[in-house]
Each structure stands twice: as C-alpha cells, then as structure tokens.
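Enquirer:
Residue numbers (UniProt numbering): 1 to 361.
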C-alpha cells in the first residue's frame with residue numbers, strides 16, 4: 001500500500017496537487033522510442049483524426065463536489081474529507097437550464113461522493129422530472145453514514161442507476177486500493193441496495209459495479225468472463241447480486257499518478273498505455289458524446305480533462321481563446337469545438353478502451 005494513500009494531495013500540499021505539475025510530469029517522460037514518440041495527437045492522426053471533434057451530446061456529466069468520506073489511492077479527483085469544494089444551488093440550477101437546451105438522455109452525477117452535496121437529492125429529482133436517466137456514481141461506503149440510511153430506498157424510488165466502485169470481489173485487493181475495512185463496508189452497502197430491489201434484473205433498478213486494477217496494469221479485456229467471476233464470487237461468498245460489471249483503466253492523474261511515480265512504475269505504465277493504443281476506441285471516446293461540468297460550473301470535454309484543469313476552449317472572432325461557464329451554455333458553440341487531448345488520453349484508448357461506461361471497443 002502507498003504510505004500516502006489515506007490523505008489527499010491537497011491536504012499534504014504535494015507538488016502534484018497542481019494540475020499543471022501533473023501535465024508537466026507526463027510530458028517530461030522520454031517516450032521518443034515509442035510509436036509517434038508518445039504524442040497522442042500524432043497517434044490518432046495516423047487513423048485519419050486530425051483533431052477530435054464532438055458527436056451528438058448524449059451524456060451530461062456533473063461533478064458536484066470533491067468532498068468524500070474516503071481517500072482512495074487511485075483517485076484521479078484527489079477527493080477526500082478535507083476537500084470542501086461543493087456545487088452550490090445556483091450552479092445546479094444553471095446546469096438544469098443548460099440541460100434543457102440539449103437532447104442528452106443521461107445525467108451522470110459524480111464527485112467526490114456526490115451524495116454528500118446538500119443539493120444532491122434536489123438535482124436528482126429535477127432530472128427525473130425531466131425524464132432523464134440518472135446515474136449516481138457511489139463509493140458504497142457513503143451509504144453507511146448515519147445521514148444516508150434512507151438513501152438506498154430513496155434512490156430506488158427515483159429509479160436512479162447506481163454505479164458503484166468496487167476494485168475487486170475479494171477483500172485484499174479492495175482494501176489495498178481503498179483502505180482497510182472498505183471491503184466489509186462495501187458488502188454491507190451492497191446488501192442494503194439488494195434489499196430495496198437493486199441488482200435483481202429490474203431495468204429500472206440497475207446496479208453496476210466498477211472495477212479498477214490495483215496496480216500498474218490495464219483492466220481485463222475479457223469483460224464477459226470477468227463479470228461471470230464477479231457474480232459467482234459475490235453470490236457464493238456474500239449473497240450479493242448485481243446487473244453488470246464495467247472495468248476502467250486507472251488514469252495517470254492525481255493520486256494514481258503520484259503512486260506510479262513513487263513506486264517507480266510511471267514510465268513503464270505510460271509505455272504500456274502507448275503500446276496498447278487501440279484505434280477502434282476513438283469513435284466511442286466519452287469526450288465525444290459527453291459534456292463534463294465541474295463543481296464551480298466550468299466546462300470540460302471529460303472528467304479527466306477536468307481534473308487536469310484543461311477547460312474547453314473556444315476560438316473567438318478576435319483570435320484569442322475563451323472559456324465557457326455553465327451559465328453561458330451554448331450548444332452550437334460546443335458542437336463546433338475541438339476536443340483537448342494530451343498524453344493522459346492514452347489511458348482511454350489502451351486495450352479495449354476505457355470510459356466512464358467501461359470498455360469502448
């Protein structure tokens with residue numbers, strides 16, 4: 001386990017708490033011996049993509065805060081109990097006004113632990129009223145907090161899909177990544193979700209588990225086999241059922257980036273990502289059909305760009321760059337933008353690909 005797994009970069013005033021320092025560290029790696037010298041833009045250009053551009057907007061992703069009851073080793077958000085950034089009610093209302101200008105069918109609510117935002121339930125209710133499919137990205141353990149005892153039932157009543165982080169169906173691998181005792185708490189939370197109807201095959205009560213590798217490897221390419229193993233293991237050992245499993249590559253961002261550097265795995269991991277580049281993933285990248293809104297209302301191509309502070313940039317008539325805030329949401333301007341990329345993007349295009357919905361190719 002990383003000796004710094006239980007505190008955030010922000011709390012320690014670590015150098016990598018700066019998104020710019022993270023980008024500079026990734027760019028400093030010597031990858032000239034790799035295809036296209038490890039340059040993402042050059043790599044995709046070989047497949048006819050001179051620049052990534054958006055497709056139809058389908059998913060409205062809202063990060064409503066960095067406050068979390070956990071501090072996981074692999075967290076690309078650097079979330080934790082010390083992070084007090086939370087989206088306010090006005091910004092949430094601005095998000096809803098923007099949502100009304102789109103044909104997005106899904107609202108993906110994330111954090112931190114999004115449930116800790118005081119306006120979480122208001123946001124869910126407003127999205128449900130609008131007929132949107134709502135996803136709550138839940139760390140599971142938050143459901144055990146005294147103020148959250150009724151939340152599983154409430155989520156079920158609003159037909160919210162619960163997408164839960166669980167690195168592994170066995171205790172050692174989960175606790176290694178998320179902290180001692182996390183696995184047992186996660187199992188208890190899953191029992192509570194099962195008790196209100198989640199994970200039983202009801203299409204309105206979907207329970208999705210998310211697996212991240214525990215080290216410097218890619219997520220498993222055998223999705224069907226992996227899901228079968230997880231369902232068997234959780235059912236036989238804990239009586240837990242769920243609907244589907246998605247596997248996500250760990251991104252070389254924030255605390256996972258720090259772990260990679262401290263453990264001496266950074267160069268090897270980046271080489272693995274670059275060498276595992278899969279051109280079949282490009283058309284399905286989440287940055288193409290998703291808009292990501294930060295807790296303070298700034299707009300990003302994806303959640304990963306958000307954590308690296310790579311805001312959506314629009315070229316003005318004066319030739320300079322301007323940034324959009326959610327209160328100034330303009331669907332046409334966003335549809336005409338160019339997506340910002342960097343070396344971290346190899347994390348989404350390696351192997352079967354990786355997005356907030358799992359494998360791409």
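Even glycine gets a Cβ: it sits at the ideal position worked out from N, Cα and C.
1) How many Å lie between residue 198 and residue 152 at the Cα?
2) Counting pairs of beta carbons, one from the segment 105-120 and one from the segment 60-69, are three or more of them closer than 8 Å?
3) Residue 215 lies in the alpha helix (DSSP H); which residues open and close that run?
4) Candidates 287, 251, 277 and 262: which alpha carbon is nearest residue 23's?
5) Measure the C-alpha to C-alpha separation of residue 227 and residue 135 and round it to an integer number of angstroms.
6) Which one or two residues does DSSP pair with residue 323 in a beta bridge?
7) Could you have a look at residue 108 and say whether DSSP puts it in helix, strand or coil?
8) Is the segment 336-356 close to the segment 270-279, with three or more CB pairs under 8 Å?
9) Going along the chain, which residues of its own chain have a beta-carbon closer than 7 Å to the beta-carbon of residue 335, five neighbours each way excluded?
10) What are the boundary residues of the alpha helix (DSSP H) that residue 357 is part of?
11) Go ahead and label residue 129 buried or exposed: buried means 16 or more other beta carbons lie within 10 angstroms of its beta carbon, across all protein chains shown.
12) Decide if residue 73 is buried, meaning its Cβ has at least 16 other Cβ atoms within 10 Å, or exposed.
13) For residue 344, which of helix, strand or coil comes out of DSSP?
14) Please classify residue 350: does DSSP put it in a helix, a strand, or coil?
15) Going along the chain, which residues of its own chain have a beta-carbon closer than 8 Å to the beta-carbon of residue 240, five neighbours each way excluded?
16) Which same chain residues, not among the five before or five after residue 215, have their C-beta less than 8 Å away from its C-beta?
17) Go ahead and label residue 206 buried or exposed: buried means 16 or more other beta carbons lie within 10 angstroms of its beta carbon, across all protein chains shown.
18) Any chance you could list the beta strand (DSSP E) runs of at least 3 consecutive residues sitting entirely within the UniProt domain "Radical SAM core" (62-199), in chain order?
19) Per DSSP, which one or two residues make a beta bridge with residue 274?
20) Report the option in 9, 32 and 284 whose CA atom is closest to the CA atom of residue 83.
21) Given a threshold of 16 other Cβ atoms within 10 Å of its Cβ, counted over all protein chains shown, does residue 104 qualify as buried or as exposed?
22) So, do the segment 88-107 and the segment 338-347 have three or more beta carbon pairs nearer to each other than 8 Å?
23) Can you find at least 3 beta carbon pairs, one from the segment 158-172 and one from the segment 136-145, that sit closer than 8 Å?
24) Among 361, 324 and 296, which residue has its Cα nearest to the Cα of residue 92?
25) Using three-state DSSP, classify residue 259 as helix, strand or coil.
26) Give the secondary structure of residue 7 by DSSP, where H, G and I count as helix, E and B as strand, and everything else as coil.
27) Can you tell me whether residue 247 is helix, strand or coil according to DSSP?
28) Are the beta-carbon atoms of residue 290 and residue 109 separated by less than 8 Å?
29) For residue 344 versus residue 29, is the C-beta distance shorter than 8 Å?
30) Round the Cβ separation of residue 211 and residue 247 to the nearest angstrom and send it over; I've been treating them as touching at under 8 Å.
31) If we ignore side chains and look at the alpha-carbon of each, how far apart do residue 277 and residue 267 end up?
32) Compute the Euclidean distance between the alpha carbons of residue 1 and residue 255, then round it to the nearest angstrom.
33) Pull up the CB-CB distance for residue 249 and residue 354, whole angstroms please, since I reckon it's below 8 Å.
Expert: For this structure:
1) On the chain shown, residue 198 is found 198 positions in, with the first residue counted as 1. On the chain shown, residue 152 is found 152 positions in, with the first residue counted as 1. Taking the straight line joining both Cα atoms gives about 9 Å.
2) Because the criterion of three Cβ pairs below 8 Å is met, the segment 105-120 and the segment 60-69 touch.
3) On the chain shown, residue 215 is found 215 positions in, with the first residue counted as 1. Counting along the chain, residue 215 falls outside any alpha helix (DSSP H), and DSSP gives it neither H nor E.
4) Your numbering for residue 23 matches position 23 in the chain shown. Comparing Cα positions, the closest option is 251.
5) As a working mapping, residue 227 is identified with position 227 in the chain shown. As a working mapping, residue 135 is identified with position 135 in the chain shown. The alpha-carbon atoms of residue 227 and residue 135 are separated by roughly 20 Å.
6) To locate residue 323, count along the chain shown from 1; it is residue 323. Looking at the DSSP assignment, residue 323 forms a beta bridge with 313.
7) Translated into positions along the chain shown, residue 108 becomes position 108. Assignment of residue 108 by DSSP, reduced to helix, strand and coil, places it in the strand class.
8) Counting C-beta pairs closer than 8 Å gives three or more between the segment 336-356 and the segment 270-279, which meets the contact rule.
9) By 1-based counting over the chain shown, the position of residue 335 is 335. Only 54 meet the Cβ criterion.
10) For this step, residue 357 is matched to residue 357 along the chain shown. No alpha helix (DSSP H) contains residue 357, which DSSP labels as neither H nor E.
11) Locating residue 129 in the chain shown gives position 129, counting from the first residue. By the Cβ-count criterion, residue 129 is exposed, with fewer than 16 other Cβ atoms from all chains shown falling within 10 Å of its own Cβ.
12) Numbered from its first residue, the chain shown carries residue 73 at position 73. With 16 or more other Cβ atoms within 10 Å, it is buried.
13) Position 344 of the chain shown, counted from the first residue, corresponds to residue 344. DSSP places residue 344 in helix when its eight states are reduced to three.
14) Mapped onto the chain shown, residue 350 falls at position 350. Strand at residue 350.
15) By 1-based counting over the chain shown, the position of residue 240 is 240. Cβ within range, chain order: 187, 190, 191, 194, 199 and 234.
16) In the chain shown, residue 215 corresponds to position 215, counting from 1. Listed in chain order, the non-local C-beta contacts of residue 215 below 8 Å within the same chain comprise 265, local neighbours out to five positions each way being set aside.
17) Here residue 206 is taken as the residue at index 206 of the chain shown, counted from 1. So residue 206 counts as buried.
18) The UniProt domain "Radical SAM core" (62-199) contains these whole beta strand (DSSP E) runs: 106-110, 133-138 and 161-165.
19) Looking up residue 274 in the chain shown gives position 274. Residue pairing for residue 274: DSSP places it in no beta bridge.
20) As a first step, residue 83 must be located in the chain shown, where it is residue number 83. The option with the nearest alpha carbon to residue 83 is 9.
21) The residue labelled residue 104 in the question sits at position 104 within the chain shown. Classification for residue 104: buried.
22) With a cut-off of 8 Å on Cβ pairs, the segment 88-107 is not in contact with the segment 338-347, counting fewer than three such pairs.
23) In the pairwise beta carbon analysis, the segment 158-172 is classified as touching the segment 136-145: at least three pairs are separated by under 8 Å.
24) On the chain shown, position 92 is the one that residue 92 refers to. Comparing Cα-Cα distances from residue 92 to each of 361, 324 and 296, the minimum goes to 296.
25) The residue labelled residue 259 in the question sits at position 259 within the chain shown. Residue 259: helix per DSSP, three-state reduction.
26) Counting from one through the chain shown, the residue named residue 7 turns up at place 7. In the structure shown, residue 7 sits in coil (DSSP, three-state: anything other than H, G, I, E or B).
27) Taking the chain shown and counting its residues from 1, the one referred to as residue 247 is at position 247. Strand.
28) Stepping through the chain shown from its first residue, residue 290 is reached at position 290. Stepping through the chain shown from its first residue, residue 109 is reached at position 109. Taking 8 Å as the Cβ cut-off, residue 290 and residue 109 do not qualify as a contacting pair.
29) Counted from its first residue, the chain shown places residue 344 at position 344. Counted from its first residue, the chain shown places residue 29 at position 29. No, they are not a contact pair.
30) Counted from its first residue, the chain shown places residue 211 at position 211. Counted from its first residue, the chain shown places residue 247 at position 247. Sure, about 5 Å apart at Cβ, within 8 Å.
31) In the chain shown, the residue the question calls residue 277 occupies position 277. In the chain shown, the residue the question calls residue 267 occupies position 267. So the alpha carbons of these two residues sit roughly 16 Å apart.
32) The residue given as residue 1 occupies position 1 in the chain shown. The residue given as residue 255 occupies position 255 in the chain shown. Any reading at residue 1 needs caution, since the residue's pLDDT is 32, under 50, leaving its predicted position unreliable; the model's value is listed next. Their Cα atoms are separated by approximately 13 Å.
33) Reading the chain shown from its first residue, position 249 is the one you call residue 249. Reading the chain shown from its first residue, position 354 is the one you call residue 354. Indeed they touch by this definition, with Cβ atoms about 4 Å apart.
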